[in-house]
Amino acid sequence: MTLLRALGIDLPIVQAPMAGVSTPAMAAAVSNAGALGSIGVGAVDAATARRMLAEFRERSRRSLNVNVFCHQPARADGSVDAAWLEFLRPHFEGVGAQPPPALKEIYRSFLEDDAMLAALLADPPRVVSFHFGLPSAERIRALREAGSVLLASATSMLEGQAAERAGVDAVVAQGYEAGGHRGVFDPDAPDDRLGTVVLTRLLVRHLRVPIIAAGGIMDGAGIAAMLHLGAQAAQLGTAFIATPESAADAGYRAALASDAASHTVMTRAISGRAARCLGNRFTTLGAAVSAQRTPAYPLAYDAAKALNAAAKAAGEPGYGAQWAGQGAPLARALPTAELVAVLVRELAEAEVRIAGGPDPPTSHST
Ligand SMILES: Cc1cc2nc3c(=O)[nH]c(=O)nc-3n(C[C@H](O)[C@H](O)[C@H](O)COP(=O)(O)O)c2cc1C
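Residue numbers (the working numbering): 873 to 1238.
Below you can see the structure in the form of structure tokens.
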């Protein structure tokens, strides 16, 4: 069976799950256009995930991808956490606030969240995807038996092979260009930082399951390029951040439309895991900090969210988790359905160009 048929979609396009940014309205607009819409429930509890799923169902009867985080649960280190809060103190004070007294684990890993598993089994989405690792064989079996097709992010050959061995139906090859968190299984292991082209080729060559390419793909030409590399679909995140259906706030949208888009930074300082963000105050402070000093994921994120909330209240948007990929300067602020239609048109035009035909008259360059 081809990947598109397994996913129940017509177009080789996946709107990336983006915790805190993608919404049921965005996913429904994408799915209704024949591509795969996704919601990220990695940072919410099961009750919220159920509401998001229900909201999607009200808007679309087509396929939905629900994405969960499979990180190893955080191990707090009191002295690292306390030193981190002291390090951030001047930044809190700069916006008229104080750091919290301690760091909390603000959301649970799917590895141990039975309520989330129950929510997914009660109302099985067509697709469930894993980021940061893989759940147990029992969880994978339960999701499969409920009828969900399973995807997992991989940033290396080893992760891709582990995902295939675990029985997922397709692997998302996430290159270093990608916006948001790297899906690395072990945040403390050496990272070869493979780009999307090399990683896609490696996984296409060495795995039997279909590959979905992700990272830096912003338009139809990028999607066509990935299909020609052997990927069966392309997953785009940053391309959808500026849509009206996105949950990105005004500061994030303004930063995405600014020069900051040309200067994305991989930082661990915001959440405790490496993630690509628009250059802002937080990435600047992170540049001076070693990985050992940052609290574990998602404990560090607790401080970042508190600092961002205080800063926003004081009119300073520069401490946000403004995730974006290297393709950010190519982002377009179009309604989601229109963006998908443009991607489809551009993909067709790119295929004509690749086949050696003349440029069609409606060709878009941006
Ligand atoms: C704002 C944002 C949030 C993201 N959140 C998630 C997430 O919750 N789960 C996930 O699997 N990937 C997440 N990602 C990564 C995407 O799945 C994908 O790998 C990435 O967007 C592809 O690169 P691009 O942003 O250059 O298109 C996120 C990416 C962005 C930009």
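Where a beta carbon is used, it is the ideal one built from N, C-alpha and C, also for glycine.
T895 versus G1032 - alpha carbon distance: The straight-line gap from Cα to Cα measures roughly 28 Å.
The region 1083-1097 / the region 1212-1225 touching (three or more Cβ pairs under 8 Å): Yes, since at least three Cβ pairs between the region 1083-1097 and the region 1212-1225 fall closer than 8 Å, the two stretches touch.
Beta-carbon spacing of A899, F941 below 8 Å: Cβ atoms of A899 and F941: not closer than 8 Å.
Opening and closing residue of the alpha helix (DSSP H) in which T1155 lies: 1153-1158 is the span of the alpha helix (DSSP H), which, as asked, contains T1155.
Proximity test, I1113 beta-carbon vs ligand 1 heavy atom, cut-off 7 Å: Yes, the Cβ of I1113 comes within 7 Å of a heavy atom of ligand 1.
Where L1030 falls, given that 16 or more other Cβ within 10 Å makes a residue buried: It is exposed - the Cβ of L1030 has fewer than 16 other Cβ atoms within 10 Å.
T1139 in three-state terms, based on DSSP: T1139: strand per DSSP, three-state reduction.
Residue burial classification, S935 (beta-carbon count within 10 angstroms, cutoff 16): Looking at its Cβ environment, which holds 16 or more other Cβ atoms inside 10 Å, S935 is buried.
Contact test: T1110 Cβ vs ligand 1 heavy atom, cutoff 7 Å: Yes - ligand 1 has a heavy atom lying nearer than 7 Å to the Cβ of T1110.
Inter-residue spacing [alpha-carbon to alpha-carbon] between T1136 and C1149: Computed Cα separation, rounded: 5 Å.
Where S1134 sits in the DSSP three-state scheme: Note: S1134 maps to helix in three-state DSSP.
Residue environment, V889, which counts as buried when at least 16 other CB atoms sit within 10 Å: Correcting the residue type first, residue 889 is Pro in the shown sequence and not Val. Here P889 is buried: its Cβ has 16 or more other Cβ atoms, across all protein chains shown, within 10 Å.
Cα-Cα separation between W956 and V1212, rounded to whole angstroms: Our two residues, W956 and V1212, have alpha carbons roughly 42 Å apart in a direct line.
Local Cβ density within 10 Å of H1100, reported as buried at 16 or more and exposed below that: Result: exposed.
Enclosing alpha helix (DSSP H) for L1150 [first to last residue]: Here L1150 belongs to no alpha helix (DSSP H); instead the beta strand (DSSP E) covers 1147-1150.
Beta bridge counterpart(s) of L855 as assigned by DSSP: No information on residue 855 is available, as it lies outside the stretch 873 to 1238 that the chain covers here.
Cβ neighbour criterion (16 or more within 10 Å) applied to T1068: Its Cβ being crowded by 16 or more others within 10 Å, T1068 is buried.
8 Å Cβ cutoff met for L925 and V999: No; because the gap between Cβ atoms is not below 8 Å, this pair is not in contact.
Whole-angstrom C-beta distance between A878 and V1021, which should lie under 8 Å: Rounded, the Cβ-Cβ distance is 5 Å, consistent with contact.
Sheet register partners of H1003 (DSSP bridge): Answer is F941.
Under 8 Å between C-beta atoms of P1167 and E977: Between P1167 and E977, the C-beta spacing is not below 8 Å.
Inter-stretch contact at 8 Å, needing at least 3 Cβ pairs: the region 1144-1161 / the region 1047-1062: Note that the region 1144-1161 touches the region 1047-1062; at least 3 beta-carbon pairs, one per stretch, sit closer than 8 Å.
The region 911-918 contacting the region 879-886, beta-carbon criterion three pairs below 8 Å: Judged by pairs of C-beta atoms under 8 Å, the region 911-918 does not touch the region 879-886, as fewer than three such pairs exist.
Length of the line joining the Cα atoms of A1009 and A1126: Roughly 43 Å separates the two Cα atoms.
Pairwise C-alpha distance: R1140 and A1085: Roughly 23 Å separates the two Cα atoms.
Range covered by the beta strand (DSSP E) that runs through A1105: Segment 1105-1108, the beta strand (DSSP E) holding A1105.
C-beta contact flag for V1044 and A1061 at 8 Å: The Cβ atoms of V1044 and A1061 do not sit closer than 8 Å to each other.
Within 8 Å, strictly: CB atoms of V1081 and P997: No, the pair does not count as a contact, with Cβ atoms beyond the cut-off.
Residue(s) in a DSSP beta bridge with H1202: According to the sequence displayed, residue 1202 carries Leu and not His. Its beta-bridge partners do not exist; DSSP assigns none.
Collapsed DSSP secondary structure at V1216 in the structure displayed: Three-state DSSP puts V1216 in a helix.
Proximity to A1203 [Cα-Cα], best of P884, R1077, G1088: The shortest Cα separation from A1203 among P884, R1077, G1088 belongs to G1088.
Contacting residues, own chain, Cβ-Cβ under 6 Å from G1102 (five flanking each side not counted): Leaving aside the five residues that flank G1102 on each side, the residues in its chain whose CB is nearer than 6 Å to its CB run, in chain order, V1076.
Straight-line gap, I1113 to E1017 (C-alpha atoms, nearest Å): Taking the straight line joining both Cα atoms gives about 33 Å.
Cβ pair count under 8 Å reaching 3, the region 1174-1192 against the region 967-974: Verdict: yes, contact present.
Residue from Q1198, S910, A1014, H943 whose Cα sits closest to the Cα of G1005: Comparing Cα positions, the closest option is H943.
Candidates S1130, A1122, Y1124, A1159: closest to M1138 by CA position: Looking at the Cα atoms, A1159 is the closest of the given residues.
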